[in-house]
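*Asks:* Chains as they are written, first to last, in the numbering used here: chain A, 47 to 162; chain B, 16 to 125. Here a beta-carbon is modelled for each residue, glycine too, at the ideal position from N, C-alpha and C. Here it is: the structure, laid out below.
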């Protein structure tokens with residue numbers, strides 16, 4: 047398996063622009079997580095899905111952030127409009143719980159977002 | 016509230032043994048995980064403890080004491096490639112909403 051795939055790997059944009067981050071989880075995994083990592087706040091869970099359904103989005107910082115999972119193999123995290131304080135590394139992770147799987151999370155390589 | 020505390024930095028020499036501690040405060044407890052992250056890389060899973068005691072995986076071991084709300088990661092025969100940040104993590108009660116510790120940066124010296 048190719049592991050969790052994220053795109054783009056790097057994104058530089060200007061304040062006010064829309065940013066869309068993409069994630070393809072590992073095939074067969076039933077949970078998908080979006081995290082944000084910064085020096086100041088560490089690794090924070092933004093939202094997670096189970097079988098494509100959002101379960102907990104309490105970590106989403108504000109209405110400018112939205113996430114979707116239209117099918118089992120694709121998810122997006124959108125920021126509109128973006129602000130400089132959104133600059134961070136965004137990770138997607140997936141895991142399989144159903145069928146006796148453990149909750150080991152497999153992280154993608156991350157998207158490094160810079161908002162100027 | 017829920018929180019995990021780790022030392023911010025640990026330094027050791029090649030071949031040595033190092034212990035990274037994690038104390039947690041959660042409303043419920045389902046297990047303690049450890050992840051490794053190299054600079055510029057993604058977190059990768061190392062170990063998981065649901066029950067008290069020691070879990071060994073090669074050079075790495077992880078220990079949990081639920082009564083003390085405490086765990087540690089033990090790294091033996093340190094190698095330069097072990098220089099990385101190490102995070103403990105717990106899921107909040109009844110969910111898969113994970114909270115990660117602030118991370119411990121391990122520096123291995125030659």
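Residues of chain B with a CB under 7 Å from the CB of residue 102 (chain A): which are they?
*Replies:* Counting from one through the first chain, the residue named residue 102 (chain A) turns up at place 56. Correct list: 110, 112.
*Asks:* Report all residues from its chain with a CB closer than 8 Å to the CB of residue 30 (chain B); omit the five preceding and five following residues, and keep chain order.
*Replies:* The residue given as residue 30 (chain B) occupies position 15 in the second chain. So the list reads 92, 93, once near-sequence residues are dropped.
*Asks:* Mind checking if residue 99 (chain B) is an interface residue toward chain A, Cβ cutoff 8 Å exclusive?
*Replies:* One-based indexing of the second chain puts residue 99 (chain B) at position 84. So no, residue 99 (chain B) is outside the interface.
*Asks:* Below 8 Å CB to CB, which residues in the same chain sit around residue 117 (chain A) once its five sequence neighbours on both sides are set aside?
*Replies:* In the first chain, the residue the question calls residue 117 (chain A) occupies position 71. Within the same chain, residue 117 (chain A) has close Cβ partners 98.
*Asks:* Residues in its own chain within less than 6 Å of residue 58 (chain B) by CB, not counting five upstream and five downstream?
*Replies:* As a first step, residue 58 (chain B) is located in the second chain; it is residue number 43 there, counting from the start. The answer, listed in chain order, is 50, 52.
*Asks:* For residue 110 (chain A), which three-state DSSP category applies?
*Replies:* Counted from its first residue, the first chain places residue 110 (chain A) at position 64. Here residue 110 (chain A) sits in coil by DSSP.
*Asks:* Using beta-carbon positions only, say whether residue 114 (chain A) and residue 65 (chain A) come within less than 8 Å of one another.
*Replies:* Along the first chain, one-based indexing puts residue 114 (chain A) at 68. Along the first chain, one-based indexing puts residue 65 (chain A) at 19. Not a contact, by the Cβ cut-off of 8 Å.
*Asks:* When you compare the CB of residue 57 (chain B) with every CB in chain A, is at least one pair closer than 8 Å?
*Replies:* Along the second chain, read from residue 1 onward, the residue named residue 57 (chain B) stands at position 42. Judged by the 8 Å Cβ criterion, residue 57 (chain B) is in contact with chain A.
*Asks:* Grab the span of the beta strand (DSSP E) containing residue 94 (chain A) for me, first residue to last.
*Replies:* The sequence position of residue 94 (chain A) within the first chain is 48, counting from 1. Element bounds for residue 94 (chain A): 88 to 96.
*Asks:* Starting from residue 56 (chain A) and walking both ways along the beta strand (DSSP E), at which residues does that stretch end?
*Replies:* On the first chain, position 10 is the one that residue 56 (chain A) refers to. It spans 56 to 59 - the beta strand (DSSP E) in which residue 56 (chain A) sits, taken as one unbroken run.
*Asks:* Starting from the beta carbon of residue 117 (chain B), find every residue of chain A whose beta carbon is closer than 7 Å, and list them in chain order.
*Replies:* Within the second chain, residue 117 (chain B) is the residue found at index 102, counting from 1. Residues of chain A passing the Cβ test: 88.
*Asks:* Using alpha carbons as the reference points, say which of A:77, A:56, A:160 lies closest to residue 93 (chain A).
*Replies:* Along the first chain, read from residue 1 onward, the residue named residue 93 (chain A) stands at position 47. Cα-wise, what sits closest to residue 93 (chain A) is A:77.
*Asks:* How about residue 59 (chain A) and residue 128 (chain A): do their beta carbons lie closer than 8 Å?
*Replies:* In the first chain, residue 59 (chain A) corresponds to position 13, counting from 1. In the first chain, residue 128 (chain A) corresponds to position 82, counting from 1. Yes.
*Asks:* Following the continuous beta strand (DSSP E) through residue 157 (chain A), name the residue where it begins and the one where it ends.
*Replies:* On the first chain, residue 157 (chain A) is found 111 positions in, with the first residue counted as 1. Note, residue 157 (chain A): beta strand (DSSP E), 157 to 161.
*Asks:* By the 10 Å Cβ neighbour count, where 16 or more other Cβ atoms means buried, how is residue 32 (chain B) classified, buried or exposed?
*Replies:* Sequence index remark: in the second chain, residue 32 (chain B) carries index 17 (1-based). It counts as exposed.
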